[in-house]
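Letter 206 of the sequence shown, counting from 1, is numbered 205 in numbering that gives the first Met the number 0, and no numbers are missing.
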Amino acid sequence: MIVVLHIHSDYSACSESHIDKIAQYCRQHDIKAIGLTDHDTIEGALRLQKEALDLKVIVGEEISTSHGEIVGLFLKEKIEPNQDLRETCLEIKKQGGVVYVPHPFDRLKVNRIRARHLREILDLVDVIEIYNSKISLAHYNTRAKRFADKHHKLGAVGSDSHYVASIGAALNIMEPFEGPQDFLEKLSRAEFKTGASSLLSTWWVRVRKSVKSKMKSFRGEMFS
Ligand SMILES: [Zn+2]
Ligand SMILES: [Zn+2]
């Protein structure tokens, strides 16, 4: 089945993808499972899980930490941001979750985990994102893949989607799974399909969102 990972909804400040539209896209594109990973919240993922019963929703969070962003998959509760990186990974594990490292070597992403910090948490890492469709240079994905191979870590591909049309930018094609352990086992035999989505479009979403909210408050002032 087709699984998409590292998807943002409009519960993230930088994304405009509405939960309903995400579910609709998945149905139209035969996507059966989705890892929704908003920044520092699981609210959108919980909502999608409740509303889209035909979709397998992996509740995830892209958590800001002292040393960059880390993704927790299969979470039960929200993990507070801005804690120590290692503590955050331990918290993910305590919930029975999967520790997934997003865009590890992308120098343009200021919130990436630096290589030396990544080495310090390697014992807790389950999955390395070996392809991020929003990467600034293709070379950084190659480095991530090499790093994963060298350290015998599982790889997965992430759409890092911030608008609906880019949800399918990276596909993990794998056998159906039940729960985090089974997910990891099936991921080890997964096949990947990828295509780039442009950085510029994400930048454009940001601009559009801020214009929209400014217009709203402007109208609010006019009619109050
Ligand atoms: Zn990120
Ligand atoms: Zn992200």
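Idealized CB from N, CA, C, for every residue including glycine.
Open item on the list: Tell me the DSSP secondary structure of Y139 in three-state form.
Closed with: For Y139, the three-state secondary structure derived from DSSP is helix.
Open item on the list: My output table needs one value for K20: the three-state DSSP class, helix, strand or coil.
Closed with: Collapsing the DSSP output to three states places K20 in a helix.
- [ ] Drop a sphere of 10 angstroms on the beta-carbon of L199, count the other beta-carbons inside from all chains shown, and report buried for 16 or more, exposed for fewer.
- [x] Residue placement at L199 is poorly supported in this model, since its pLDDT is 48, which falls under 50; the coordinates are not used for a value here.
Open item on the list: Beta-carbon within less than 7 Å of Q48's beta-carbon, same chain only, minus the 5 sequence neighbours each way: which residues are those?
Closed with: Result list for Q48: V56, V58, in chain order.
Task: For D181, three-class secondary structure by DSSP - done: Helix at D181.
Task: Nearest-angstrom Cα separation, counted from I21 out to S14 - done: Put simply, the backbone Cα of S14 is about 12 Å away from that of I21.
Open item on the list: So the candidates are A12, N140, I30, H102; which of them puts its Cα closest to the Cα of L170?
Closed with: If we check each option's Cα against that of L170, I30 comes out closest.
Open item on the list: Shorter than 8 Å, the distance from the beta carbon of M61 to the closest heavy atom of ligand 2, or not?
Closed with: It is worth fixing the name first, because residue 61 is Glu in this sequence and not Met. Yes, ligand 2 has a heavy atom inside 8 Å of this Cβ.
Task: Bounding residues of the alpha helix (DSSP H) (the contiguous stretch that carries I91) - done: Residues 84 to 93.
Task: beta-carbon T87 near ligand 2 non-hydrogen atom, thresh 8 Å - done: No, the beta carbon of T87 sits no closer than 8 Å to any heavy atom of ligand 2.
Task: Simplified DSSP state of F191, which is helix, strand or coil - done: Correct three-state label for F191: strand.
Open item on the list: Here's the rule: buried if 16 or more other CB atoms are within 10 angstroms of the residue's CB, otherwise exposed. What is E128?
Closed with: Classification of E128: buried, given that the 10 Å Cβ count is 16 or more.
Task: Burial state of R111 (16 or more Cβ within 10 Å) - done: It is buried - the Cβ of R111 has at least 16 other Cβ atoms within 10 Å.
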